[in-house]
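Read in this note's numbering, the sequence shown has 356 at position 326, and its numbers run on one by one without any break.
What follows is a set of notes on a single structure, which appears directly below.
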Amino acid sequence: MRNNLLKNKVFFSFFSLVCLWFSSSIYASPNLEELGSLEWVKSKIATYPELEWLLDKNVQHTQEGKAEQFSHSWSKKLTGFHYPEFERTILSLVCLYLIADGSDIAYDRFTNLQPATEKLTRDSFQKLNSFAQSIIQNDPQQLQLLEINLILGDMGKTKTAHEKALKYGITEADHDLFLDECLEKCPEIFITFQSLTPEQQKKIKKAKGLVHLGHVTHVEGGPEILTQLKKSGILEDNPQDFDFEMLTHICDVSAARGHEDNTSSKVMTENVLKTLFAVKEALHYLANHTEHEALKKYLATRAEWLGLDKDSNIAYLLARVSAMIRLYTKEDGTALQHAFQKLNPSQKALIASEYDPLIYRKERTPTYVPAVLVNLMGTYTKQKLSRKMAIHKSLENGLTLISHILHDYRDNRANHPYDPNLTLSFNKAAGQLRDTPALAENASFMIDTQGNVELKSFMEKKYK
């Protein structure tokens, strides 16, 4: 099948142009029976040839969650191999249509894999549908633009896109920044984007590079992560254009575990949607407030969920940690406070110095730290540790290790000199700790020229 796909690449490219040029007359939402079928997936590859770039072992995939394969993998049926990012991207398109549909059948399918205790409620799914329809407004072209926005968002992970961009002098490793640069300097490498009208291209580019919504959700940086969005004025002048990007992000998050099972959204549970709407509210608040105030509003919301005393000097720090580990309940809040208090003074001081969420840092935001902590939490849970103990060990081993790495790097004591223009990525480390959690207890680390953090041999713990 893969050979057939490659042989038909020219045909697919031509067909995609036809589909896009005449989208107003032939583009329509699929019925739920065909949505996600192998034939439907093939039609998407034909329409959007960039999807084929994800059918490649060299694609960088997020090292969060299980790395297991499953028999109904679309990529495996197409090529004989399982490609995680292809599964996620296709599932994000499926989720878009389920959200846009909003029916009981769509709801059941969307939530099928979610545990009963965390499941997205029917009322919340309806709220999500209403938000989506406020953007789509029964316009098939809006749905198609959302599809294209989702697909382009993953192109920076592909070797093909990087090879094409290299001819234009683009060497950016961060896949989000890579896409922003490509859309400015060489949009022609994306045939799908080039096939859009200038107005459609402008709509997709409008919110690109202004804010990384995942970084805000998990508070991966300080107030500086909101600065570009604040300066752009989009929240004051064109809030609907920002919500277009927000809906794209919600669909992307919905598919985050699509590499584990592509039949439903494991991720978009009641708590996750509640979180994303809290992010949306805080960012719209940014329109008339400072970055510091908007981030503090979001952190205060999370602190309230956890039952934290907002007047405590560590409330916002713990709210940030809860965002990275994905904690939502008052029980988790109590466990988190106890876990932090059980750390020794050196560990607490180290974490506070590197993870105070209200400090402005003039550097690129380190990425995939939440994946490290989520993977450790998952592993400790599988080891039959209590939730309270899993939270404690995630802080004691995981967050302390990450803080140590950041401290040494920022203090120019790492193997790679500190560079505020380099994106430090913990994606590889997240995969290592998922598979070998003991590394978190006393591993050394190396940072390569692209900013990838890799855990190496064992060493004596520096912070006991």
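Don't be surprised by glycine CBs; every beta carbon is placed ideally from N, CA and C.
The three-state secondary structure of residue 223, taken from DSSP, is helix. In chain order, 241, 246, 313, 316, 321, 324, 325 place their CB closer than 8 Å to the CB of residue 256, counting only its own chain and leaving out the 5 sequence neighbours on each side. For residue 200, no alpha helix (DSSP H) encloses it, and the DSSP letter there is neither H nor E. Check the Cα spacing between residue 416 and each of 362, 442, 388: the tightest is with 362. Judged by their CB atoms, residue 251 and residue 443 are not nearer to each other than the 9 Å cut-off. The Cβ atoms of residue 349 and residue 283 do not sit closer than 9 Å to each other. Here residue 273 has 161, 164, 165, 310 as same chain residues with Cβ atoms under 8 Å from its own Cβ, once five neighbours each way along the sequence are excluded.
Pairing residue 358 with residue 305 gives a Cβ-Cβ distance under 9 Å. Rounded to whole angstroms, the Cβ separation of residue 406 and residue 470 is 6 Å, and the two are in contact under 8 Å. With a cutoff of 9 Å on beta-carbon distance, residue 377 and residue 300 are scored as not near each other. Per DSSP, residue 477 is not a residue of any alpha helix (DSSP H); the beta strand (DSSP E) it occupies stretches across 473–477. Per DSSP, residue 480 lies in no alpha helix (DSSP H) and is assigned neither H nor E. With fewer than 16 other CB atoms across the displayed protein chains lying within 10 angstroms of its CB, residue 101 is exposed.
Pairing residue 130 with residue 159, the inter-Cα distance amounts to about 6 Å. The beta carbons of residue 360 and residue 422 sit no closer together than 9 Å. With contacts defined by Cβ atoms closer than 9 Å, residue 287 and residue 302 do not form a contacting pair. In this chain, the alpha helix (DSSP H) harbouring residue 308 covers 300–315.
With fewer than 16 other CB atoms across the displayed protein chains lying within 10 angstroms of its CB, residue 379 is exposed.
Judged by pairs of C-beta atoms under 8 Å, the stretch 65–74 touches the stretch 121–128, as three or more such pairs exist.
Between the C-alpha atoms of residue 278 and residue 169 there is a straight-line separation of about 16 Å. Contact annotation, residue 481 with residue 453: C-beta distance approximately 5 Å; criterion of less than 8 Å satisfied.
A direct Cα-Cα distance of roughly 37 Å separates residue 150 from residue 190. Contact annotation: residue 234 and residue 173 have beta-carbon atoms that are not nearer than 9 Å.
Around the beta carbon of residue 263, fewer than 16 other beta carbons lie within 10 angstroms, which makes this residue exposed.
Taking C-alpha positions only, residue 147 is separated from residue 138 by approximately 15 Å. Of the residues 78, 60, 89, 404, the one whose Cα lies closest to the Cα of residue 127 is 60. Residue 484 has its alpha-carbon roughly 30 Å from the corresponding atom of residue 281.
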